[in-house]
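First the structure, in the form of structure tokens, and then the observations on it.
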Amino acid sequence: MSGWRGSKFALVVHPDLSVLSQYQTLLASGGFTTVVARDLPTALLAITQHFFDVAVVSSQLSEAGDGWPLAGVLHLVFPQSYIGVLAPGTDLLTLQSAINSGVQDVYEITQTPQNVVSALLAATNNPATLNPKKNPPDAPQVH
Amino acid sequence: MQSFSPELKMLRKPSLLIVDDEPNVLLTLKLVLEEDGYQISTAASYAEAEKLIRKPCPFDAILTDLWMEKEDIGLELARSASKLRPRPIIVIFTGFGSTGNARAALGVPVDYFALKPLDVDELKRVLNRLVVTNAADRTVRL
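Chains as they are written, first to last, in the numbering used here: chain U, 1459 to 1601; chain D, 314 to 455.
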């Protein structure tokens, strides 16, 4: 299996169809097969069906803040994957939610999908920043 | 007393390093988490903690205050701890949370960021989950 790598999958969860469409186009040009979901049940179903290398989740789906638990679930299921959350602002409590949900970054909802995808692609092209919470099996012991 | 999941019961006692320059906080957390089955070491400063984490016996988790000798010095400890292998769970708690230090903690990254006054039950629940998950992850990799 060494060296094998299947298609890269991205999950985008956002209530706005036009936003989903923009992300799908941008991520496709970055080499991702993108699955989109507008609500929690659809997103949870997608999680059972694919391995996602990256996910972009709106913090507000049907109600304010309900995207955070989904981000937490994504981190638990795919601990080595990149998860970004789109939030109305990046105040202290939002950043605390991000840390405690295990996401890698928070983007203000006013950010363009182009900016978010650029940042996401930069992060995923650098394995050192992709899963820094995990212990690489061959990492040197530092004491 | 909170009990660990069966997976964690099979392992050695998880070891925690608690770092805070306030003796009362240090003692309270030590007593509460010892009761939960953890083996506790404590440090009253960043400098003391840095020495302890360089010793060969690794900690399963490091819980540190943010402001001690200097503002946000807990972030320095978190950065050092994040380079250890195996990487311990890193928890920061603070009464001086700001967007600046929270953004920096996200970048380390730390596993849990708690604001004082601490909700001890929440901390115990989260710590249990994080330690069990991390231990399971290490076991899978053996």
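Beta carbons: idealized from backbone N, C-alpha and C, even for Gly.
None of the values given here were measured: they were computed from a predicted structure.
{"Query": "Nonlocal neighbours in the same chain, by C-beta distance under 6 Å from M381(D), ignoring five residues either side", "Result": "D334, S358, Y359"}
{"Query": "Segment contact, 8 Å Cβ cut-off, at least three pairs: the region 402-417 of chain D with the region 1553-1562 of chain U", "Result": "yes"}
{"Query": "Spatial distance of I405(D) from G1525(U) (CA atoms)", "Result": "24 Å"}
{"Query": "Length of the line joining the Cα atoms of D432(D) and L1532(U)", "Result": "25 Å"}
{"Query": "Candidates P430(D), K326(D), D434(D), L428(D): closest to A374(D) by CA position", "Result": "K326(D)"}
{"Query": "Inter-residue spacing [alpha-carbon to alpha-carbon] between A1495(U) and L1478(U)", "Result": "8 Å"}
{"Query": "G413(D), DSSP secondary structure in three states", "Result": "helix"}
{"Query": "Complete runs of the alpha helix (DSSP H) confined to the region 1469-1535 of chain U [at least 4 residues]", "Result": "1475-1487, 1498-1507, 1525-1535"}
{"Query": "Contact list for N1558(U) against chain D, beta-carbon separation under 7 Å", "Result": "Y425, F426"}
{"Query": "Buried or exposed (CB count within 10 angstroms, at least 16 for buried), N447(D)", "Result": "buried"}
{"Query": "Inter-residue Cα distance where the pair is L388(D) and K429(D)", "Result": "16 Å"}
{"Query": "S1487(U) to E361(D) span [Cα, whole Å]", "Result": "50 Å"}
{"Query": "Range covered by the beta strand (DSSP E) that runs through E1566(U)", "Result": "1563-1566"}
{"Query": "Separation of N1558(U) from A1501(U), as counted between CA atoms", "Result": "20 Å"}
{"Query": "F1510(U) burial status per 10 Å Cβ neighbour count (16 or more: buried)", "Result": "buried"}
{"Query": "Cutoff 8 Å: Q1554(U) Cβ touching any chain D Cβ", "Result": "yes"}
{"Query": "Interface partners of D1511(U) on chain D, CB under 7 Å", "Result": "Neighbours of D1511(U) on chain D: none; closest Cβ ~18 Å, over 7 Å."}
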